[in-house]
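Sequential numbering from 1 applies to the sequence shown in UniProt numbering.
C-beta atoms are modelled at their ideal positions from N, C-alpha and C, and glycine is treated no differently.
Shown next, in structure tokens, is the structure this report addresses.
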Amino acid sequence: MTSISPLSSWNSAPSRTSSATPNRADAASPSPVSTPSSIVAFSPESVNGSSGAALPKPPMVWESASRDKVSEAMTKSFSSYAFGGRFSGLGAAMLGQAKLGNYNFSQAMRQPPPSTTPNVYGAAGIAPGSLHGNGEDNVSLSITTRSGVEVKLSLDSQGDGLAVRMTTSGELSDAETRALGELAKGFQDAIDGMGQSTPKIKLEGLMQFDQQVLESVKLHAEVKVRGEPESVQTLDFQADGAQRKVAFSGAAGSLDLKVDASALNTLGSKERQAKALGSYMKQFDQAASRGHGDAGLMAMLKDSFTALHSNTSAPQTETAMPETGKWRLAAEDKSILTGLADFSASVSQAVKFSNPMRGTEKDGFNYEVSQKTAQTGASQDARSIRQQQQSKLSASFHQSLVAGVPLRLTDNTESQNYTYHQIEDTASSDAQVTYKDGKLVQASLRQEANQSTQVKKYFLGKLESDKTTPGNYSVLRDLLPVLGSYKSGDKDATSEARIEQRKQALLALNDDVLLQSYPGQTISLWQADVLPGEAVS
């Protein structure tokens, strides 16, 4: 037989409709689409006349009968993608509605299970609206405008359903709705990055929020990784005009990055920042290669580091007092700075114990890097500026004795043919200038890099060698000859030529102050160009 149960008897909870806050008058009204008014439950006898036949899926149950671009995207993504990928296109569709003025809505869909029990949905069904806030996979975005209006978006997914919601705490202006709409692609990129099997941090688009209209942007994403064993990966992002933060955790490990862009007077030009970013990308690659760091984690560090340092700019003029920052900095002051905002970053790889015969040996990777700038002094004419950069790498890993042959360590001594590496590296750069009565009286640059590599070699389980190789580099430069009053030995040089020479000297110093975690051949260049008062060891 066939039994028919009314939809209302399954979804006993009242339908969730738009928030009480009205949409804008010019918003595109969603066109209603007819939905099933009843749910059909097939009895065993009615399915191909056989009790062993597979049951058809009942019609999808919706929270709201309204249909719009968001509902269309939900239908497509639910049937075409699995779990994390179910949010494909949804974030962009939601902010696209905001751009049209429709910024208060709620929608959910649920696939009831096949059943042979009459009226089963009325007795045991769960309303689609209950998915809000309860998804195994979930993403939330919170945006606060400069006028104080808070906009919240949420996406939730479970095996049998999908839910989205957008609310605002007040009316939005045309400029605010436009600014929200401009974040549609960036929001979707961030969602898609977390939905991949190997997650990626894609925040470039969200970081380009209009700081004249929007105060802050916050993102939280949580995705369940369905494997053996199951795990959860999370991403938290927060940004406003001055502070930016990213935190990630997953099966591979964790990442934490903070950027303080509040001191605008220490920031460099776009070109200067690009050069410093390129230098740090090189540092990250060198650390990953030396310590055998997880490629996915290091890629996330590079992507988030670049993104969080974007959308920052130095004051337009050198003579005006900066919006924030203690002093107006001269060209000589900025020549000892990287041009980047201060930051701290750390990557910690999940520890593994891959050798059952030696439980004390672990495979791990921990990397930290930071920059801190201090501006002190009683007045502009008695100012001091100091910028410190630091990096630290601690890593350990196993390697096969035969290149290209995978290492498989077991309890059998015949498998115990390997080298065990332990890496401990540190590096620092410390640049500072001091003024007295408006005159530069002290300027220096100290850079150090220390490496330690311990390698133990085992053959058939027996230790054959244990060697530690140190590496120590340091340089101390007196920068007064470069930054002090310019004196040229060329008496015939024109004033324009002298100005150009000084400009080139400051640009060269800009390059020298960048952190060098692994100076290598660079140390010989320093030794080859020793300036008065400079020491190299």
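Check: Should P470 be counted as a contact of the ligand FMN given a C-beta to heavy atom distance under 7 Å?
Finding: As presented, the structure is devoid of all ligands, the ligand FMN included, so that no description of it is given.
| query | Can you find at least 3 beta carbon pairs, one from the segment 402-416 and one from the segment 346-358, that sit closer than 8 Å? | reply | yes
Q) When you compare only the Cα positions, how much space is there between P118 and S88? A) With a pLDDT of 43 at P118, under the threshold of 50, the modelled position of this residue cannot be trusted; read the value that follows with caution. P118 and S88: Cα-Cα distance of roughly 36 Å.
Whole angstroms is fine: what's the gap from I201's alpha carbon to K457's? 38 Å
Check: In angstroms, rounded to a whole number, what distance separates the CA positions of T469 and H292?
Finding: 18 Å
DSSP state of F353 mapped onto helix, strand, coil:
coil
Q.
I'd like to check one pair, S310 with E182: are the Cβ atoms closer than 8 Å?
A. no
Review point. If you drop the 5 nearest sequence neighbours on each side, which residues of the same chain put their C-beta closer than 6 Å to that of Q422?
Key: S396, Q454
Check your understanding: If you count every other CB in all the chains shown that lies within 10 Å of the CB of residue 544, and 16 or more means buried, which is it?
Key -> Residue 544 cannot be examined here, being either before or after the span of the chain that is shown, 1 to 537.
Taking the alpha carbon of V70 as the point to measure from, which residue in G471, G96, E63 has its own alpha carbon closest? G96
Q: Just the C-alpha distance for P519 and A449, rounded to the nearest angstrom, thanks.
A: 7 Å
**Delimiting residues of the beta strand (DSSP E) encompassing R165** = 161-168
query = Per DSSP, which one or two residues make a beta bridge with H398?
reply = Y420
Item to complete: Closer than 7 Å by C-beta to G161: which residues in its own chain qualify, once you throw out the five before and the five after it? Chain order, please.
Response: A108, M109, R110, Q111, P128, L131
Cβ neighbour criterion (16 or more within 10 Å) applied to S64
buried
How many angstroms separate the CA atom of Y121 from the CA atom of P59? Because Y121 carries a pLDDT of 35, less than 50, the predicted location of this residue cannot be relied on, and no value is offered for it.
Could you work out which residue in Y367, N138, M207 is closest to V217 when comparing CA atoms only?
-> M207
(request) Report yes if the C-beta distance between A175 and V213 is below 8 Å; otherwise report no. (result) yes
Outcome for residue 541 when other beta-carbon atoms lying within 10 angstroms are tallied against a minimum of 16: Residue 541 lies beyond the range of the chain shown here (1 to 537); nothing can be said about it.
Would you list the residues sitting across from R110 in a DSSP beta bridge?
V61, G161
Is the separation between the beta-carbon of S391 and that of Q432 shorter than 8 Å? no
Rounded to the nearest angstrom, what separates G91 and L264 at their Cα positions? 32 Å
- Quick one, which of E72, K467, S346, G325 has its alpha-carbon nearest T266's? G325
- Tell me where the alpha helix (DSSP H) around R446 begins and ends. Premise fails: R446 lies in the beta strand (DSSP E), 439-459, not in any alpha helix (DSSP H).
Give, in chain order, every unbroken run of the alpha helix (DSSP H) that is at least 4 residues long and sits entirely within the segment 234-306.
270-291
Open item on the list: Between R165 and K99, how many whole angstroms is the CB-CB distance? I'm expecting something under 8 Å.
Closed with: Actually they are not in contact, since the Cβ atoms of R165 and K99 sit about 17 Å apart, beyond 8 Å.
Does T312 pass the burial test, meaning 16 or more other C-beta atoms within 10 Å, or should it be called exposed?
buried
Using a threshold of 8 Å, state whether the C-beta atoms of Q233 and S254 are closer than that. no
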